[in-house]
Amino acid sequence: MKIAFFDAKTYDVPSFKKYGEEKGIEFKFYETKLTEDTAALARGCDGVCVFVNDEVSAPVIDRLREEGCRLIALRCAGYNNIDFKHLGDSMPVFHVPAYSPYSVAEHAMAMLLTSIRRIHKAYIRTRDFNFSLNGMTGFDLHSKTVGVVGTGKIGRCFIDICRGFGMKILAYDKYPQDIEGVTYVDTDTLFRESDIISLHCPLTPETYHMIDDSAIEKMKQRAIIINTSRGALIDAAALLSAIKERRIGGACLDVYEEESDFFFEDYSNHIVSDDILARLISMPNVIVTSHQAFLTEEALDAIAETTISNIYGYLTEGTIQNKVKI
Ligand code: NAI
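Residue 319 is where the sequence shown starts when you use the numbering used here, and the numbers rise one by one after that.
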């Protein structure tokens, strides 16, 4: 069994090699992303293993079929980068629906605390022996209202963490559940009443740019927006305007709409051409991390184990496990 592994990073290889060898699966690791130009690298492979910014567009799918691929194995939960309409039933797409919801929820809280307690500023200041506290005033999370959009696995972990801080919890979900201590409201109420808004829903045509000018208009002036879900949930130009006009308190972004051009790569010696990203990063009340919320040892292990089990089951026994349902 041979699988072409695109967008391979040094932290991916050890776990995939280890679990792959145990199951007799050979991974061909490619640093390049899967695109129309690179799809031919899958020649002779039974399938491809892809990540969040690999392009599984119509021409790529056609090429993969020509090269003899029989499956697409996502090593992540989200699947907005796949053209399912074009794919039809020609190949199954497997994903890893849950690996460590704690990793993402804990990262969301880490970003929030960093932002509101100015840890990012303090770290730099004290390294330069500047012990001044000017401009470092934060606020308590206790008694504040958090609005959680999407109360699935990650959203619920984030809610549990927020409960520990003594926060009041509002939520919006297309499919509300009965969660103790959580009040479901419509998005307008959530935007109006929350001090902190954290996004944990998938990117779909319905949720695309759910945070736009009109949503921001409804928010409190000091509201903090956290996005660890998918970049395009937020209209980044609208967010930047709101930050510039001091209409909101700040943003914690682990994802960005145009992240595939930059994230996961070292651009420290380049002139970054995306003015919105560059301006957001320059803001004292914006924290950007490079889609790293998932990146814990526990999550990497679980991702490799589940992805390999999905591939092995299908190629050896035709088992359908963790197939994306749309
Ligand atoms: P999940 O499937 O357990 O939960 C998603 C929730 O969103 C569900 O409760 C669902 O009912 C709700 N939802 C669906 N459509 C909605 C809509 N239109 N409006 C409001 N809510 C809606 O997914 P999970 O595991 O909690 O992941 C959430 C998202 O986090 C994923 O879609 C993915 O994009 C992102 N993610 C980000 C990672 C990172 O490293 N930054 C890592 C893993 C996931």
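No residue lacks a Cβ here, since even glycine has one placed at the ideal position from N, Cα and C.
Note that the structure is a prediction, hence the values are computed from the model and not measured.
- DSSP, reduced to helix, strand and coil, places Leu521 outside both helices and strands of the structure shown, so it counts as coil.
- Classified as exposed, Thr328 has fewer than 16 neighbouring CB atoms from the shown chains inside 10 Å of its CB.
- Annotation: the continuous alpha helix (DSSP H) that includes Glu424 extends over 419-434.
- Counting along the chain, Lys562 sits inside the alpha helix (DSSP H) bounded by residues 554-562.
- Cα atoms of Val378 and Arg393: separation of roughly 18 Å, rounded to the nearest angstrom.
- Here the stretch 512-523 does not lie against the stretch 439-452, with fewer than 3 beta-carbon pairs under 8 Å apart.
- In the structure shown, Glu344 adopts extended strand secondary structure according to DSSP, grouped into three states.
- Asn371 carries a coil assignment under DSSP once its states are collapsed to helix, strand and coil.
- Taking one beta carbon from each stretch, the stretch 466-483 and the stretch 418-428 have 3 or more pairs nearer than 8 Å; the two touch.
- Leu405 sits in a helix when the DSSP states are folded into three classes.
- Leu551 is not a Cβ neighbour of Ser512, given a cutoff of 9 Å.
- The alpha helix (DSSP H) runs of length 4 or more contained entirely in the stretch 445-479 do not exist; there are none.
- At least one heavy atom of the ligand NAI lies closer than 8 Å to the C-beta of Thr525.
- If you look at Gly567, you'll find it isn't in any beta strand (DSSP E); DSSP assigns it neither H nor E.
- If you draw a 10 Å sphere on the C-beta of Thr624, you find 16 or more other C-beta atoms in it, and that means buried.
- When the beta-carbon positions are compared, Thr546 and His413 stay at least 9 Å from each other.
- Per DSSP, reduced to three states, the secondary structure at Thr501 is strand.
- Per DSSP, the unbroken beta strand (DSSP E) holding Ala391 starts and ends at 389-392.
- In the DSSP assignment, Asn628 falls within the alpha helix (DSSP H) that extends over 615-635.
- DSSP places Phe509 within a helical segment (H, G or I) once states are collapsed to three.
- Just so you know, the alpha carbons of Ala533 and Gly365 end up roughly 41 Å apart.
- Within the DSSP bridge table, the entry for Tyr490 names Val467 as partners.
- Ile514 places its beta carbon less than 9 Å from that of Lys462.
- Under DSSP, Phe323 takes part in a beta bridge, and its partners are Phe347, Cys367.
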